[in-house]
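Student:
2 protein chains.
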Amino acid sequence: MQISELSAVSGVSVASIKFYRREGLLPPGIATATNRATYADHHVRRLRLIRALIEVGELPIANVRAVLAAVDNESTTLHDAFGAVMHSLDPAPPADPSDSTADAEIIAVNEWLARRAWQVEPHAPAIRTLAQLLVAIRQFDFAMSITDFDEAADLAEQTAYGEVAYARAMTDRASAVATMLIGTVVIERVLVEIRRLALEAVSARLEAEVREP
Amino acid sequence: MQISELSAVSGVSVASIKFYRREGLLPPGIATATNRATYADHHVRRLRLIRALIEVGELPIANVRAVLAAVDNESTTLHDAFGAVMHSLDPAPPADPSDSTADAEIIAVNEWLARRAWQVEPHAPAIRTLAQLLVAIRQFDFAMSITDFDEAADLAEQTAYGEVAYARAMTDRASAVATMLIGTVVIERVLVEIRRLALEAVSARLEAEVREP
DNA sequence: AACTCATGGATAGCGACACTATCTACTTTG
DNA sequence: CAAAGTAGATAGTGTCGCTATCCATGAGTT
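For the record, the sequence lines run as chains A and B.
To convert, note that position 51 of the first sequence is 51 in my numbering; the numbers rise steadily by one, no gaps.
To convert, note that position 87 of the second sequence is 87 in my numbering; the numbers rise steadily by one, no gaps.
#1: Looking only at its own chain, which residues have a Cβ that is under 8 Å from the Cβ of residue 32 of chain B, when we skip the five neighbours before and after it?
#2: From residue 124 of chain A to residue 81 of chain A, what does the alpha carbon distance come to, in whole angstroms?
#3: Answer yes or no: do residue 120 of chain B and residue 191 of chain A have a C-beta to C-beta separation smaller than 8 Å?
#4: Taking the beta carbon of residue 63 of chain B as the centre, do at least 16 other beta carbons fall within 10 Å, making it buried, or is it exposed?
#5: Expressed to the nearest angstrom, what Euclidean distance is found between the alpha-carbon atoms of residue 133 of chain A and residue 13 of chain B?
#6: Among A:83, A:144, A:90, A:161, which one has its Cα closest to the Cα of residue 108 of chain A?
#7: As a quick exercise: from A:194, A:189, A:79, A:48, pick the residue whose alpha carbon is nearest that of residue 10 of chain A.
#8: Quick check on residue 33 of chain B: does DSSP put it in helix, strand or coil?
#9: With C-beta atoms as the reference, is residue 210 of chain A less than 8 Å away from residue 161 of chain B?
#10: Consider the Cβ of residue 203 of chain A: report whether some Cβ of chain B lies at a distance smaller than 8 Å.
#11: Just to confirm, are residue 44 of chain A and residue 6 of chain A a CB contact at a threshold of 8 Å?
#12: Could you confirm whether any beta carbon from chain A is found closer than 8 Å to the beta carbon of residue 188 of chain B?
#13: What does residue 140 of chain A reach in chain B if we use C-beta pairs closer than 8 Å?
#14: Is residue 244 of chain A buried or exposed, if buried means 16 or more other CB atoms sit within 10 Å of its CB?
#15: Give the secondary structure of residue 76 of chain B by DSSP, where H, G and I count as helix, E and B as strand, and everything else as coil.
#16: When you check each C-beta in the stretch 156-169 of chain A against every C-beta of chain B, which residues fall closer than 8 Å?
#17: Any chance the stretch 52-63 of chain B sits against the stretch 82-90 of chain B, with 3 or more Cβ pairs inside 8 Å?
#18: Counting only Cβ pairs nearer than 7 Å, list the residues of chain B close to residue 104 of chain A.
#19: Quick test of the definition: if touching needs 3 or more C-beta pairs under 8 Å, does the stretch 178-186 of chain A touch the stretch 173-190 of chain B?
#20: So residue 13 of chain A is in the alpha helix (DSSP H); what residue range does that whole segment cover?
#21: Can you pull the DSSP bridge partners for residue 38 of chain A?
#22: Looking at chain A, is there any beta carbon in it that lies within less than 8 Å of the beta carbon of residue 43 of chain B?
#23: On the criterion of 16 or more Cβ atoms from any shown chain inside 10 Å, does residue 183 of chain A qualify as buried, or is it exposed?
#24: Taking only the alpha-carbon atoms, compute the straight-line gap between residue 112 of chain B and residue 113 of chain A and give it to the nearest angstrom.
#25: Determine the DSSP secondary structure at residue 119 of chain A, reduced to helix, strand or coil.
#26: Terminal residues of the continuous alpha helix (DSSP H) containing residue 201 of chain B?
#27: Residue 149 of chain B and residue 194 of chain A: beta carbons closer than 8 Å?
#28: Would the beta-carbon of residue 206 of chain A fall within 8 Å of that of residue 165 of chain B?
#29: In three-state terms, what does DSSP make of residue 152 of chain B?
#30: Within 10 angstroms of its Cβ, does residue 70 of chain B collect 16 or more other Cβ (buried), or is it exposed?
#31: Can you look up residue 105 of chain B in the DSSP assignment and give me helix, strand or coil?
#32: Just reading off the alpha helix (DSSP H) that residue 60 of chain B is part of, what are its end residues?
#33: Suppose the cutoff is 6 Å on Cβ atoms and the five residues either side in sequence are ignored; what does the same chain contact list for residue 235 of chain B look like?
#34: Would you say residue 195 of chain A lies against chain B (beta-carbon separation less than 8 Å)?
#35: Would residue 67 of chain A count as contacting chain B if we go by Cβ distances under 8 Å?
#36: Checking contacts by CB at 8 Å: is residue 192 of chain A closer than that to chain B?
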C-alpha cells in the first residue's frame with residue numbers, strides 16, 4: 001500500500017499523513033526506493049488512533065506523541081501506558097505554587113479518594129482539575145461538594161471494571177492499550193452527550209408543565 | 001467601580017475586559033464622562049459566566065456571544081435559552097448532506113430517545129454527535145450500541161431533574177439561566193474527571209492483581 | 001494651573017496550533 | 001519517454017483568544 005492508498009483508506013490527506021510522520025506520530029513505511037515506501041494495516045490502525053485522540057480526545061499533537069510513545073514502548077505496563085493518557089487528557093497545570101486557591105478542595109478530593117479506596121497517582125492532574133472545578137461551582141453559589149457525586153462515582157467504578165477488564169483480556173498488547181485509550185476518550189464523550197440530552201429533555205418537560213399545568 | 005477595579009475583582013485583565021466589551025460579550029459600563037465609566041456587580045457576574053463558558057465549556061467567542069444574547073433576551077424562555085447553550089456546546093456539523101456514514105446510527109439514537117420519552121429538538125447537534133461517536137466506537141471493534149448506555153442514561157435523567165428544578169426555582173431569570181449553564185458545563189466536566197479517576201483506580205487494581213496474585 | 005495617570009476607543013500584533021502548499025529530486029508505470 | 005506519484009524539506013496559512021500600543025480626553029493631585 002502506497003501513501004495515496006493509505007490516504008484513501010484512512011480518509012486522512014496525504015499532506016497530513018506526511019505531517020504526522022514528520023511529527024513522529026506515525027512510523028514511516030518500509031522504503032522500497034529513495035522515493036517509495038509501502039504501508040501496512042497497522043498504519044491504518046495507527047492513523048485511526050491518532051485521529052481519535054486528536055478529534056475526539058482533543059489532545060494536542062505533543063500529547064499524542066507522548067501517549068503513542070508509551071504505547072510503543074513494550075516495557076511499559078498496560079496500566080502505565082494508560083496513565084500516560086490520563087496525564088495527557090487534563091491540561092498540565094502551569095506549575096504555579098503560589099496559586100493556593102484550590103488547596104482546600106484538593107485535600108477534600110484526596111480524602112474522598114481514600115474513602116473510596118481509589119488509588120491513583122498522587123500527582124494525577126485530574127485531582128487538581130477536579131478541585132478547581134469544585135471551586136468554580138462554589139463561585140456560582142452552588143451548595144455542592146465532592147460527596148454529592150458519590151452515586152455517579154459508584155456507577156463510574158462499576159462501569160470501569162467492565163471496560164478495563166475487556167481491554168486487558170485482549171491477546172496483543174497494542175490492541176489492549178488502544179482499546180483502553182478509546183474506551184477512555186470516546187465513551188466519556190458519549191456519556192457527556194447523553195447527559196446533555198437528558199438535561200434538554202428534562203428541561204423541556206418542566207417547561208411544558210409550567211405552560212400547560 | 002472602574003475598569004481597573006473590575007479587573008482586580010474578577011481576575012480578568014483590563015485588556016481582556018476591553019476585548020470582551022468590544023466583542024459584545026460584556027455590556028459597557030455607565031459612562032460618567034467621555035473617558036470614564038462605572039461597572040456594577042452584574043458585570044462581575046457576567047465576567048465569571050464568560051470565563052466559565054470559555055475556560056470550562058471551551059466555547060468559542062462567537063458561541064458565547066450567541067448564548068449570552070439568548071440569556072439577555074427577556075422574551076426567550078428558560079428552556080430556549082438553555083437550548084442555545086446545548087446547540088453551542090456541540091460543534092455545528094459542517095452541513096455536509098453527502099456524509100451519510102452516520103445515518104443508521106442517527107435513526108437508532110432517535111428510536112432510543114423515543115423509547116425513553118426524551119423529547120429533544122429534532123435537530124439537536126448532540127444527536128448527530130452521539131451517532132458519530134457510536135460509529136467511531138464501531139471502527140475500533142467495540143461491540144457496543146446505544147442501549148448499552150441505558151443505565152448511565154437513567155442516572156443522568158434522575159440527576160437532571162434535580163439540577164433543572166434547582167435552577168428553575170430561582171427568583172430572577174438571569175440567575176436561573178446562568179445556573180443552568182453552569183450546571184451543564186461545569187458539572188459535566190466534574191463527572192468526566194470522576195470517571196477518569198475511576199478508570200485509573202480500577203486499572204491500578206487489575207494491574208496489581210496480575211503482579212501479586 | 002500644572003502634572004500625573006487611568007480610561008475609552010481604535011488598530012495592529014502575537015503565539016500557539018494543526019495543518020497545507022510548494023518545491024526538488026527521483027522512480028515507477030503506461 | 002513522458003506523465004504521474006513519492007520522499008523529504010521548507011515555508012506559508014487560517015483560526016483563535018487575547019495582548020500591546022497609541023492617542024485624545026478628562027479626573028484626581030499638588
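We put the CB at the ideal spot given by N, CA and C, even for glycine.
Tutor: Well, looking at it:
#1: By 1-based counting over the second sequence, the position of residue 32 of chain B is 32. Hits under 8 Å: 38.
#2: Working through the first sequence from its first residue, we reach residue 124 of chain A at position 124. Working through the first sequence from its first residue, we reach residue 81 of chain A at position 81. If you draw a straight line from the Cα of residue 124 of chain A to the Cα of residue 81 of chain A, it is about 14 Å long.
#3: Here residue 120 of chain B corresponds to residue number 120 of the second sequence, with the count starting at 1. Here residue 191 of chain A corresponds to residue number 191 of the first sequence, with the count starting at 1. Taking 8 Å as the Cβ cut-off, residue 120 of chain B and residue 191 of chain A do not qualify as a contacting pair.
#4: Within the second sequence, numbered from 1, the residue matching residue 63 of chain B stands at position 63. With 16 or more Cβ atoms within 10 Å of its Cβ, residue 63 of chain B is classed as buried.
#5: On the first sequence, residue 133 of chain A is found 133 positions in, with the first residue counted as 1. On the second sequence, residue 13 of chain B is found 13 positions in, with the first residue counted as 1. Each residue's Cα considered, the two are about 21 Å apart.
#6: For this step, residue 108 of chain A is matched to residue 108 along the first sequence. Looking at the Cα atoms, A:144 is the closest of the given residues.
#7: Residue mapping note: residue 10 of chain A aligns to position 10 of the first sequence, counting from 1. The shortest C-alpha separation from residue 10 of chain A is found at A:48.
#8: Translated into the one-based positions of the second sequence, residue 33 of chain B becomes position 33. Strand at residue 33 of chain B.
#9: Taking the first sequence and counting its residues from 1, the one referred to as residue 210 of chain A is at position 210. Taking the second sequence and counting its residues from 1, the one referred to as residue 161 of chain B is at position 161. Taking 8 Å as the Cβ cut-off, residue 210 of chain A and residue 161 of chain B do not qualify as a contacting pair.
#10: Numbered from 1 along the first sequence, position 203 holds the residue referred to as residue 203 of chain A. Yes, residue 203 of chain A lies at the interface with chain B (some Cβ there is under 8 Å from its Cβ).
#11: Against the first sequence, residue 44 of chain A aligns to sequence position 44. Against the first sequence, residue 6 of chain A aligns to sequence position 6. Remark: C-beta atoms of residue 44 of chain A and residue 6 of chain A approach each other more closely than 8 Å.
#12: What you label residue 188 of chain B is simply residue 188 of the second sequence in a count that begins at 1. Yes - at least one Cβ of chain A is within 8 Å of the one on residue 188 of chain B.
#13: On the first sequence, position 140 is the one that residue 140 of chain A refers to. Near residue 140 of chain A (Cβ distances below 8 Å), the residues of chain B are 48, 52, 178, 179, 182, 186.
#14: Nothing about residue 244 of chain A can be read from this structure; chain A reaches only from 1 to 213.
#15: Working through the second sequence from its first residue, we reach residue 76 of chain B at position 76. In the structure shown, residue 76 of chain B sits in coil (DSSP, three-state: anything other than H, G, I, E or B).
#16: 156, 157, 159, 160, 161, 163, 164, 165, 168
#17: yes
#18: Stepping through the first sequence from its first residue, residue 104 of chain A is reached at position 104. Here the premise fails: no neighbours, minimum Cβ distance about 17 Å.
#19: no
#20: Start at 1 with the first residue of the first sequence, and residue 13 of chain A comes out as number 13. Premise fails: residue 13 of chain A is in no alpha helix (DSSP H) and is neither H nor E.
#21: Counting from one through the first sequence, the residue named residue 38 of chain A turns up at place 38. According to DSSP, which records beta bridges pairwise, residue 38 of chain A is partnered with A:30.
#22: Position 43 of the second sequence holds residue 43 of chain B. Residue 43 of chain B does not count as touching chain A.
#23: As a first step, residue 183 of chain A must be located in the first sequence, where it is residue number 183. With 16 or more other CB atoms across the displayed protein chains lying within 10 angstroms of its CB, residue 183 of chain A is buried.
#24: Translated into positions along the second sequence, residue 112 of chain B becomes position 112. Translated into positions along the first sequence, residue 113 of chain A becomes position 113. Within the model, the alpha-carbon separation for residue 112 of chain B versus residue 113 of chain A is close to 35 Å.
#25: By one-based count along the first sequence, residue 119 of chain A stands at place 119. The three-state secondary structure of residue 119 of chain A, taken from DSSP, is coil.
#26: As a position in the second sequence, residue 201 of chain B is number 201, starting the count at 1. It spans 173-211 - the alpha helix (DSSP H) in which residue 201 of chain B sits, taken as one unbroken run.
#27: Along the second sequence, one-based indexing puts residue 149 of chain B at 149. Along the first sequence, one-based indexing puts residue 194 of chain A at 194. Yes, the pair counts as a contact, with Cβ atoms nearer than the cut-off.
#28: Your numbering for residue 206 of chain A matches position 206 in the first sequence. Your numbering for residue 165 of chain B matches position 165 in the second sequence. Against a cut-off of 8 Å, the Cβ pair of residue 165 of chain B and residue 206 of chain A comes out as a contact.
#29: Locating residue 152 of chain B in the second sequence gives position 152, counting from the first residue. It is helical.
#30: Taking the first residue of the second sequence as position 1, residue 70 of chain B is located at position 70. Buried is the call here.
#31: Within the second sequence, the letter at position 105 stands for residue 105 of chain B. It is helical.
#32: Position 60 of the second sequence holds residue 60 of chain B. First-last for residue 60 of chain B: undefined, no H or E at that position.
#33: Absent from the structure is residue 235 of chain B, since the part of chain B shown begins at 1 and ends at 213.
#34: Taking the first sequence and counting its residues from 1, the one referred to as residue 195 of chain A is at position 195. Taking Cβ atoms only, chain B reaches closer than 8 Å to residue 195 of chain A, which makes this a yes.
#35: Along the first sequence, one-based indexing puts residue 67 of chain A at 67. For residue 67 of chain A, no CB of chain B lies under 8 Å from its own CB, so it is not counted at the interface with that chain.
#36: Within the first sequence, numbered from 1, the residue matching residue 192 of chain A stands at position 192. Chain B, which has a Cβ nearer than 8 Å to the Cβ of residue 192 of chain A, makes this yes.
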